[in-house]
């Protein structure tokens, strides 16, 4: 039986959060919860508890007290525990929410925050996280224990910054799929839980964005793993249920009239998802959303994407003009220029630029895609017109 | 996080500043050099930035296919003029700047006279990172 099979992963963050709120420091609480999980896997198959969460809290708390008592150096913390008011009937969501904030604390590097969130909030094992990020388990264990030490002195007495939590979840989402854990799905699960715990339009915006992107994942790569551009994707392979859910969540968020970058990005994703064919995409509205996004973030990547959208809405030359105003060293600038030059009919220039963009690519799928684009244009030029 | 490969060369790269062949070092200098490298790897493991590392034998051969039913061709055990990789380390760090900083630190390993070798290390980003979703 695994943690997931026993339904333990769902319970972990709440149990951990309750221990932390009762005064256990984060690292000690985490150790105690892990011990309780091991005990649960041993005992539950023969003797399932009536109240699994209560069982875990009791065992983990007892375990924490045992360790704290045995360790003279922890006497001070024990005093703190004694002074702590007895645990009241705090809601599940409050405690878990604080755990999100703790794991995304600004004192952590993004990589540490991601690892700690997956471990403490997501309930993944260190090995699963290590596999997902393609590093040795020992390395990931160190990353997590350093992160735990960093937040050890942090008290959960006031709400943290939602934007930081959302950035961490977005980082997890973008890692996609490598090990036996699908990080995109995991990010959606954690964001969904966050959305039930907190009423914030940007949380909804991020959840909508993830759902809208994830709904198109099956169509985004060919069976051989190569990238399929949006315009060429088989739209029948898009998950329409997930798209409807994303759109509904987004519409509710937008109606609150507190726009943020994730809502704006989700709106763009929704316009793509809404088009029955690539040609029917509402590029004019997409450009307007990119204008909002640029205004909200000033992000150069948003400006670059806007230039490509302008190329679709107002023609390749308008797109190239918008692109010319941007820093040419931006990532994907050359790839965008290549695309717009091809659209403008300048195939030689486009082929050359695709080749340059391929050399600049930072991931394999993108490099192969750009190399194929260059090859496609070169083959067209060298072939006799009637073949 | 992004992964980078740090490559040490037996030859093929620019010469080190403190360029004395290892067999001319004292045994203590060799031990100090090896200890520096091991400590470096241990520190990276501790900081959660270590992925893997290993050393390669100096003897290597170039091999290629020579047609159906024939054994592959090798060009012998002494590829005199070619680049030779001595070893590598793979790191997983938050930024390119951090990767450069660590490469600089590794290049400061002590050599002859107990002074840093200032050896040139090749730093190469990995391409296998998943693509960020941008459509």
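Protein chains in written order, with this note's numbering: chain A, 2 to 388; chain B, 44 to 178.
Glycine included, C-beta positions come from ideal geometry on N, C-alpha and C.
| request: Count the other CB atoms, across all protein chains shown, that sit within 10 Å of the CB of residue 14 of chain A; report buried if there are 16 or more and exposed otherwise. | output: buried
| Does any CB atom of chain B fall closer than 8 Å to the CB of residue 111 of chain A? | yes
| said: Please state whether the Cβ-Cβ distance between residue 305 of chain A and residue 337 of chain A is less than 8 Å. | reply: yes
| message | Within a Cβ cutoff of 6 Å, which residues of the same chain sit near residue 93 of chain A, ignoring the five residues on either side of it in sequence? | response | For residue 93 of chain A, the predicted structure reports a pLDDT of 47, less than 50, and the residue's modelled location is therefore unreliable. The matter cannot be settled from this model.
| message | Give me the chain A residues within the contact set of residue 94 of chain B, using Cβ-Cβ distance strictly less than 9 Å, ordered along the chain. | response | 135, 136, 137 and 140
| request: Decide if residue 44 of chain B is buried, meaning its Cβ has at least 16 other Cβ atoms within 10 Å, or exposed. | output: buried
| Where does residue 79 of chain B fall in DSSP's three states? | helix
| said: Can you find the residues in the same chain that come closer than 6 Å, C-beta to C-beta, to residue 90 of chain A, ignoring five residues on each side of it along the sequence? | reply: Residue placement at residue 90 of chain A cannot be trusted, given a pLDDT of 46 that sits under 50; what the coordinates show is reported in the next sentence. Answer for residue 90 of chain A: no residue qualifies.
| query | What residues in the region 345 to 363 of chain A have a beta carbon less than 7 Å from any beta carbon of chain B? | reply | 363
| Stretch pair the region 146 to 164 of chain B + the region 110 to 119 of chain B: three plus CB contacts closer than 8 Å | no
| Cross-chain neighbours of residue 368 of chain A in chain B, by beta carbon under 8 Å | 170
| task | Check whether the Cβ of residue 252 of chain A lies closer than 8 Å to any Cβ atom in chain B. | result | no
| message | Would residue 370 of chain A and residue 208 of chain A qualify as a contact pair, given that the criterion is a beta-carbon distance under 8 Å? | response | no
| said: So that I know if they touch, is there some Cβ in chain A lying closer than 8 Å to that of residue 89 of chain B? | reply: yes
| said: Strictly below 8 Å CB to CB, what residues from chain A border residue 65 of chain B? | reply: Near residue 65 of chain B there are no residues of chain A at all, since even the closest Cβ is about 29 Å away, more than 8 Å.
| query | Which chain B residues sit within Cβ distance under 9 Å of residue 147 of chain A? | reply | 89, 90 and 91
| message | To be precise: take each residue of the region 277 to 294 of chain A, compare its Cβ to all Cβ atoms of chain B, and keep it if any distance is under 8 Å. Which residues remain? | response | none
| field | residue 144 of chain A vs residue 91 of chain B beta-carbon contact at 8 Å | value | yes
| Which whole runs of the alpha helix (DSSP H) in the region 5 to 47 of chain A are 4 residues long or more, in chain order? | 9 to 22 and 27 to 44
| request: Would you mind working out which of A:126, A:358, A:172 and A:252 sits nearest residue 39 of chain A, comparing C-alpha positions? | output: A:126
| query | Can you find a C-beta in chain A that's less than 8 Å from the C-beta of residue 137 of chain B? | reply | yes
| message | Taking 8 Å as the cut-off, does the region 286 to 295 of chain A touch the region 240 to 247 of chain A (at least 3 CB pairs, one atom from each stretch)? | response | no
| message | Let me check understanding here. Comparing Cα to Cα, which of A:268, A:235 and A:25 lies closest to residue 278 of chain A? | response | A:235
| task | Would you tell me roughly how many angstroms separate the C-alpha atoms of residue 150 of chain B and residue 73 of chain B, rounded to the nearest one? | result | 15 Å
| query | Since residue 97 of chain B sits in a beta bridge, which residues does DSSP pair it with? | reply | B:131
| query | Should residue 105 of chain B go down as buried or exposed, given a rule of 16 or more other Cβ atoms within 10 Å for buried? | reply | exposed
| residue 370 of chain A by DSSP, collapsed to three states: which one? | helix
| Measuring CA to CA, which of A:99, A:379, A:365 and A:342 is closest to residue 199 of chain A? | A:99
| Beta-carbon spacing of residue 2 of chain B, residue 111 of chain A below 8 Å | Only positions 44 to 178 of chain B appear in the structure, and residue 2 of chain B is not among them; the question remains open.
| said: Buried or exposed, going by whether 16 or more other CB atoms sit within 10 Å of the CB of residue 266 of chain A? | reply: buried
| message | I'd like to know whether the C-beta atoms of residue 191 of chain A and residue 152 of chain A end up nearer to each other than 8 Å. | response | no
| Chain-order list of residues whose beta-carbon lies under 6 Å from that of residue 1 of chain A (same chain, five-residue window excluded) | Lying before the first or after the last residue shown, residue 1 of chain A is absent from chain A, which here runs from 2 to 388.
| task | Quick one: grab the DSSP three-state call for residue 307 of chain A. | result | helix
| query | Which residues in chain A sit within 9 Å of residue 132 of chain B, going by Cβ to Cβ distance? | reply | The premise fails here: residue 132 of chain B is roughly 12 Å from chain A at the closest Cβ pair, so nothing lies under 9 Å.
| How would you write the range of the beta strand (DSSP E) that residue 53 of chain B sits in, first residue to last? | 45 to 54
| task | Ignore the nearest five residues each way along the sequence and tell me which others in residue 323 of chain A's own chain have a CB closer than 6 Å to its CB. | result | 308 and 311
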